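Each residue of the first sequence is one higher than the one before, counting from 117 in the numbering used here.
Worksheet: the structure to be examined is printed underneath.
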Amino acid sequence: MDLWQRVNEWYAQNARPLPWREPGFSAWGTLVSEFMLQQTPVTRVIPRLAEWLERWPTPAHLAADPASEAVRAWHSLGYPRRALWLHRAATTITEKHGGVVPREVEALLALTGVGDYTARAVAVFAYGERHPVVDTNTRRVIARAVRGQGEAGPPQAAADLRAMSELMPTETLAAATFNAGIMELGAIVCTARSPRCGDCPLAEICAWRGSNYPEYLGPKKAVQKKYEGSDRQVRGLILAAAREATGPVTDAEITPLWPDSTQRDRALSSLVRDGLLVVSTEPTPGYILNHE
DNA sequence: CACTCGTGGAG
DNA sequence: TCTCCAAGAGT
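In structure tokens:
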């Protein structure tokens with residue numbers, strides 16, 4: 117039995133009942149969920165996604181509201197630029213695609229915030245197109261089951277897509293299921309820390325397990341910089357203040373948020389550069405969320 | 001290509 | 001406590 121068959125049969129029995137897998141879930145919903153899921157765990161996304169889609173059921177609904185509302189509705193999902201980019205994508209979809217989320221990978225890639233993964237995920241999961249979809253879970257499963265390595269190492273877009281293409285079944289529907297299934301397997305069985313090989317449909321054919329779990333010696337993924345004391349933390353503090361405020365946040369309110377003025381200024385100007393904050397003078401001088 | 005960009009939960 | 005890591009993308 118092929119690897120994809122094992123995965124698809126397992127998926128049919130074990131897929132979690134996630135919102136974006138319900139029948140009739142919109143392409144817009146898929147796009148929103150994929151934005152939110154970029155580097156944010158499923159459990160934190162689910163409640164925010166529901167709120168978001170209730171408030172903005174189509175791209176046009178979101179485009180009609182200011183970007184600042186999108187950033188507020190993002191709450192603390194992290195990487196708030198994604199909210200800005202999603203609002204921008206909604207505007208582009210409304211103005212240039214007749215309000216319909218595009219189904220072609222090329223058109224999706226042209227949207228800000230949509231990269232290699234998200235474009236293919238939308239084309240495949242929302243529209244049933246046949247493409248390889250490669251995320252961190254997929255990469256880990258392939259590294260272990262096929263290459264016999266405990267970790268996937270740094271992403272290599274071209275090679276990763278090729279590897280997935282070679283494993284994917286020919287038939288379009290089965291290919292879509294396989295894309296979802298191998299991700300799901302990586303998410304709940306072949307996890308990064310403690311894989312549950314006893315529950316894995318690939319256990320018998322897994323190259324990593326077959327060679328008794330050799331230690332991974334290849335190139336390591338870039339280490340994530342410490343958050344504590346980082347510019348990201350300072351940005352987070354400043355943006356949280358702006359998100360909660362009703363009017364402009366003044367310098368007097370920003371200053372006590374962080375002791376180091378150099379770092380504080382750097383964080384503030386980077387928020388302005390990113391378009392998350394803009395300078396306002398009414399009714400008092402300060403910074404507000406960009407309403408575009 | 002290396003670096004940057006949030007936040008919170010699990011182990 | 002502290003480290004790791006989570007459906008990535010842009011520069």
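Every residue gets a Cβ at the ideal spot worked out from N, C-alpha and C, and that includes glycine.
Bear in mind that the values here come from a model prediction, so they are computed numbers and not experimental data.
Best match in the options for proximity to residue i [C-alpha to C-alpha]
i    : options                : result
F294 : G140, E245, W374       : E245
I93  : Y127, R122, Q121       : This structure does not reach residue 93, given that the chain is present from 117 up to 408, and the question cannot be answered.
L384 : V221, E398, D347       : D347
Q467 : A268, N253, R260, G326 : Since the first residue shown for the chain is 117 and the last is 408, residue 467 is missing from the structure and cannot be characterised.
P133 : E369, D390, G297       : G297
R359 : V249, S327, A199, E331 : A199
Y332 : R260, L301, Q272       : R260
P218 : L301, P271, G145, V187 : G145
M117 : L318, L227, E170, T228 : L318
A268 : D251, P401, E185       : D251
G363 : P401, N130, R188, Q265 : P401
L119 : A356, H191, E282       : E282
Y343 : T234, L301, G352       : G352
P236 : A226, V249, R122, L178 : Note that residue 236 corresponds to Arg in the displayed sequence, not to Pro. Among A226, V249, R122, L178, the Cα nearest to that of R236 belongs to V249.
H177 : V148, A290, A279       : V148
A356 : A179, S184, E408, T307 : S184
W201 : V187, S192, G302       : V187
Assigned exposure category for residue i - 16 Cβ within 10 Å defines buried
i    : result
G214 : exposed
Y403 : buried
E138 : exposed
V339 : exposed
P270 : exposed
G326 : exposed
C-alpha gap between residue i and residue j, whole angstroms
i    : j    : result
I209 : V161 : 23 Å
R309 : P196 : 27 Å
D315 : N124 : 14 Å
T288 : V257 : 21 Å
W374 : E222 : 42 Å
V230 : F151 : 8 Å
H247 : P175 : 24 Å
T207 : T378 : 35 Å
A323 : F141 : 37 Å
W172 : I354 : 26 Å
I321 : E300 : 18 Å
E220 : T159 : 29 Å
P335 : Q265 : 11 Å
W190 : N328 : 44 Å
V365 : T371 : 10 Å
Y233 : R380 : 33 Å
D181 : A290 : 39 Å
Cut-off 6 Å between Cβ atoms - residues of its own chain near residue i, not counting five sequence neighbours on either side
i    : result
A292 : V240, G244
Neighbourhood of residue i by C-beta, 8 Å cutoff - its chain only, sequence neighbours within 5 removed
i    : result
V388 : V394, V395, Y403
E398 : P364
Residue i CB to nearest heavy atom of the ligand NAD below 8 Å
i    : result
T366 : In the structure on display, the ligand NAD does not appear, and there are no ligands present to speak of.
Same chain, Cβ closer than 7 Å to residue i, neighbours up to 5 away in sequence not counted
i    : result
R312 : V305
Taking only runs of the alpha helix (DSSP H) that begin and end inside the stretch 330-403, which ones reach a length of at least 4 residues, in chain order? Contiguous alpha helix (DSSP H) elements confined to the stretch 330-403 occur at 347-360, 367-370, 377-389, taking only those with 4 or more residues.
I'd like the ranges of any alpha helix (DSSP H) spanning at least 4 consecutive residues and lying wholly in the stretch 153-191. Fully enclosed alpha helix (DSSP H) runs of 4 or longer: 158-171, 175-179, 183-189.
Minimum length 4: unbroken alpha helix (DSSP H) runs contained in the stretch 189-232: Qualifying alpha helix (DSSP H) stretches, in chain order: 197-212, 221-225.
Complete alpha helix (DSSP H) runs within the stretch 262-322 (minimum length 4 residues, chain order): Within the stretch 262-322, the complete alpha helix (DSSP H) runs of at least 4 residues are 273-283, 288-304.
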